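Report on the following structure.
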Amino acid sequence: MRYGRGPEVLSDVSLSLPRGSFHFVTGPSGAGKSSLLKLIYLAARPSSGAVRLFGEDVTTLGGGDLPRIRRRIGVVFQDLLLLDHLSAFDNTALPLRIAGHKPSEYRNDVAELLTWVGLGQRMNALPPTLAGGEKQRLAIARAVVARPEILLADEPTGNVDHEMALRIYRLFVELNRLGTTVIIATHDQDLVARSARPVLHLDKGRLRPLPPQGPAA
Amino acid sequence: MTDAPFDPARWRPASFLPDEDARDPALLFVIGVLCFLACLTALGVIAADRAASGWSSQLRSEATVIVRAQGGETPDAAAARAAEVLAGVAGVSEARALEKEKAYELIRPWLGDVAADLDDLPVPRLVAVGLDRRKPATAATLSAALKGQGLDAVVDDHSVWLKDIRHAAGVVRWTGVVIFLLIAGAAGAVVAYATRAGLAARRDVVEVLHLTGAEDAQIANLFELRFARVAAIAGAAGALAAGGLGVVLRLIGGGDGITPALPIAWIDLLAVLPCPVLAAIVAAVAARLTARRLIRQL
């Protein structure tokens, strides 16, 4: 995969992740972690090769079919991509609104989730007024609110303290236990070591699977 | 830091697009002015149409007959006899021989002030004929009746004037339609430009919506509704201004409006009412087409 006419950022990457699995993607900056996630959440197409999701070759899908796939995927973006003019509550409810759910169906779930990630007192706050860690938790809440079948998180614990990182990790584990496939790109070696989950290690755009490291958290 | 207590039960979904984008005063002003001009055009066309109808109706209900005396008959006697004949024709409500001074008045521009000497000239006399508005007699019927009584007369049923008036009214009407379409096109182009600018300015929002699973049509709908609302507000303002101007023209123009040539009736002012709806439709279509095309390219 390459962006435009730039250098190849991912090459010879071939992997198959079983439904309900939990993987970390690690590697140094620029190794291609975010690009790999972008291929999965359909923000980029491979310059060659194919990406199959839910049994479909999504590289050949037309633009009209992408929303159907994207609604089954939750993403914590590296740069969060929160909408600054919407409250924390509105930001979190976004995927549910886009999917066409009625407010009465989800307003309590959204409030409960925001309380769970520690934003119970900031539901009406706009993202620019939130601290870095609060923004990160808000982005996570938005990613998981629709109970996606795949959860992708790009450095989800980068701006939170250790305790909150573990709490967020436990949320991901809980979602995984309920059937969500989880893929987390991270630099947090401590978290990776504690989790005892399989690791996809990227280095200069090439994939090197590593066995699970350390004890389970 | 904590905010005021938030009650999820009272939460109402906010617009996906920032509200402040919908308060662009320049866009409101431009669309408002275009709507104002469109409404004035509509009022002008309606008034011109009414004027043309009035003139046509008046001309259709009248005819003028020029009678030339023959043999030993005097012009006045020939005119009186023609009037009598014409009064008996079906479709004629009134026939009246005009005084000879009227005939002199008509030829004065060519002969000058020589009325004193005109008695010696065989100046034709005129008969003014009033026609039944519902079933007017035709020029051919009138001519046949006059000829049947041995009168040398020419009937002018004003058909040439009527044709010109109808033609002029048609030109005014179609000119109005073209101006109206040009204004609608200009409004559409302004909205298309604003949509393009709006999409560029809110590319981050569009990206998030896309990645969260929004369809192109959902995103286009946001811009469509937004600009339709802006155009409806601007259209209402433009219509109000044009309607207000119409009221002023009607009031200062007396019973027939600003001038007898362009009469505005109170009911004509209702023509501005559809303006906000039409403006909203034009804006919605322009925004939808532009947004869908641009979103596909993202």
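Protein chains in written order, with this note's numbering: chain Y, 1 to 217; chain H, 218 to 515.
In this text, a Cβ means the ideal position worked out from N, Cα and C, and glycines have one as well.
These figures come from a predicted structure and were not determined experimentally.
Segments of 4+ residues assigned as alpha helix (DSSP H) that fall wholly inside the region 81–124 of chain Y: Note on the region 81–124 of chain Y: whole alpha helix (DSSP H) runs with a minimum of 4 residues are 88–98 and 103–116, in chain order.
Reference V76 (chain Y); option with closest CA among Y:Y3, Y:R45 and Y:D154: Y:D154
Alpha-carbon to alpha-carbon, P128 (chain Y) and M164 (chain Y): M164 (chain Y) and P128 (chain Y) have their C-alpha atoms roughly 20 Å apart.
Reduced DSSP category for T258 (chain H) - H, G, I as helix; E, B as strand; rest coil: helix
Reference D433 (chain H); option with closest CA among H:V447, H:R446 and H:L416: H:L416
Alpha-carbon spacing of G455 (chain H) relative to L251 (chain H), whole angstroms: 7 Å
Residues that N108 (chain Y) contacts on chain H, provided the C-beta gap is smaller than 9 Å: P225 and A226
Cα-Cα separation between E311 (chain H) and I283 (chain H), rounded to whole angstroms: 16 Å
Chain H contact residues for F89 (chain Y), given Cβ-Cβ distances below 8 Å: F223, P225 and W228
Residue environment, S47 (chain Y), which counts as buried when at least 16 other CB atoms sit within 10 Å: Classification for S47 (chain Y): exposed.
Residue burial classification, I512 (chain H) (beta-carbon count within 10 angstroms, cutoff 16): Burial call: buried.
Alpha-carbon to alpha-carbon, L94 (chain Y) and L399 (chain H): 40 Å
C-alpha gap between G474 (chain H) and L462 (chain H), whole angstroms: Residue confidence is low: G474 (chain H) scores 49 on pLDDT, short of 50, so the model does not pin down where it sits. No coordinate-derived value is stated.
Other residues of its chain near L191 (chain Y): CB distance less than 7 Å, five sequence neighbours each side excluded: T157, A165 and Y169
Given 8 Å, three or more beta-carbon pairs between the region 56–68 of chain Y and the region 137–146 of chain Y: At 8 Å Cβ cutoff, the stretches do not touch.
Chain Y contact residues for L426 (chain H), given Cβ-Cβ distances below 7 Å: I98
is_contact[G63 (chain Y), chain H] using C-beta, thresh 8 Å: yes
Every unbroken alpha helix (DSSP H) inside the region 355–417 of chain H [4 residues or more]: List check, alpha helix (DSSP H) in window: 356–365.
Closest residue to N159 (chain Y) among Y:G179, Y:D188 and Y:V145 (Cα-Cα distance): Y:D188
Proximity of R313 (chain H) and A300 (chain H) at Cβ, strictly below 8 Å: yes
Distance cut-off 7 Å: E301 (chain H) Cβ against heavy atoms of the ligand NAD: By its list of ligands, the structure shown contains no ligand whatsoever, and the ligand NAD lies outside what it can speak to.
Residues of its chain near A217 (chain Y), where Cβ-Cβ distance is below 6 Å and the 5 sequence neighbours each way are ignored: Note that A217 (chain Y) scores 42 on pLDDT, short of 50, meaning its location in the model is unreliable; the coordinates nonetheless yield the value given after this. Taken in chain order, the residues that qualify are R194 and S195.
Distance between Y410 (chain H) and V447 (chain H) (C-alpha atoms, nearest Å): Whole-angstrom Cα-Cα distance: 14 Å.
Proximal residues, the region 29–42 of chain Y versus chain H, C-beta separation under 9 Å: Y41 and L42
Residue from H:W378, H:L490, H:A231 and H:A406 whose Cα sits closest to the Cα of H85 (chain Y): H:A231
One or two residues paired with G347 (chain H) in a DSSP bridge: DSSP, once it has assigned bridges, lists H:E279 and H:E311 as partnering G347 (chain H).
N-terminal and C-terminal residue of the alpha helix (DSSP H) that T59 (chain Y) is part of: Per DSSP, T59 (chain Y) lies in no alpha helix (DSSP H) and is assigned neither H nor E.
Closer than 7 Å at the beta carbon, the chain H residues around H85 (chain Y): P235
Spatially closest choice to D421 (chain H) from Y:V117, Y:K204, Y:L83 and Y:R45, by CA coordinates: Y:L83
Residue interval of the alpha helix (DSSP H) (run including G452 (chain H)): For G452 (chain H), the enclosing alpha helix (DSSP H) begins and ends at D433 to I469.
Listed by chain order, chain Y residues near D433 (chain H) by CB distance under 9 Å: G63, G64 and P67
Distance CB(A403 (chain H))-CB(G452 (chain H)) smaller than 8 Å: no
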